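My numbering puts the first residue of the sequence shown at 2, with every later residue one more than the last. Encoded as structure tokens, the structure appears first; notes follow it.
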Amino acid sequence: MEKPSRRDFLKLITNALLGLGGLLGLAGLIRFLNFKPDPGPPSEFDLGEAMYFLPNSRTMRPDIPAAIYQASGEYSALSLSCTHLGCTVEEEGEGFICPCHGSRYNKDGMVLEGPARQPLRELRVEKMEDDTLRLYTK
Numbered sequence: 002m003e004k005p006s007r008r009d010f011l012k013l014i015t016n017a018l019l020g021l022g023g024l025l026g027l028a029g030l031i032r033f034l035n036f037k038p039d040p041g042p043p044s045e046f047d048l049g050e051a052m053y054f055l056p057n058s059r060t061m062r063p064d065i066p067a068a069i070y071q072a073s074g075e076y077s078a079l080s081l082s083c084t085h086l087g088c089t090v091e092e093e094g095e096g097f098i099c100p101c102h103g104s105r106y107n108k109d110g111m112v113l114e115g116p117a118r119q120p121l122r123e124l125r126v127e128k129m130e131d132d133t134l135r136l137y138t139k
């Protein structure tokens with residue numbers, strides 16, 4: 002067996018490096034094409050039994066974020082996401098205030114002071130057959 006020339010050795014190394022680069026690129030492409038995004042936040046929330054929501058009350062649920070109202074046996078909810086940039090608004094007296102940019106909302110979610118221009122979004126609350134409440138954000 003004869004010793005390979007310098008030209009053959011460089012050709013072999015170049016082809017090996019190009020092959021390795023191609024395999025790494027192909028592996029990256031396969032990984033990119035198999036990407037599965039996060040499922041996103043849930044759009045349904047079980048609020049528990051209806052008896053825990055007192056008549057004419059407002060219950061804050063920062064984990065959703067939402068404010069649940071009970072008035073005359075009817076249940077409703079407001080999203081606590083500011084319509085300006087999506088910050089979670091905080092309770093202030095009877096209304097709400099956005100800690101990010103100072104938007105103020107009344108207890109019904111209507112804008113009192115900007116920069117927000119749209120009211121807080123109303124969410125759907127349903128009373129189930131087993132006397133529990135379910136909140137839908139979409």
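Note that CB positions come from ideal geometry on N, CA and C, so glycine has one too. Given the structure is predicted, the values throughout are model-derived calculations rather than measurements.
Check, Outcome
"Contiguous beta strand (DSSP E) assignments of at least 3 residues, all confined to the segment 58-111", "58-62, 67-72, 75-80, 91-93, 96-98"
"Candidates Leu-19, Thr-133, Asn-16, Gly-96: closest to Leu-81 by CA position", "Gly-96"
"Straight-line gap, Glu-105 to Gly-115 (C-alpha atoms, nearest Å)", "A quick correction: the sequence has Arg, not Glu, at residue 105. Cα to Cα, the separation comes out at about 7 Å."
"Beta-carbon spacing of Leu-124, Thr-138 below 8 Å", "yes"
"Exposure label - Gly-22; buried when at least 16 CB within 10 Å", "exposed"
"Rounded straight-line distance, which links the Cα of Asn-107 to that of Leu-113", "6 Å"
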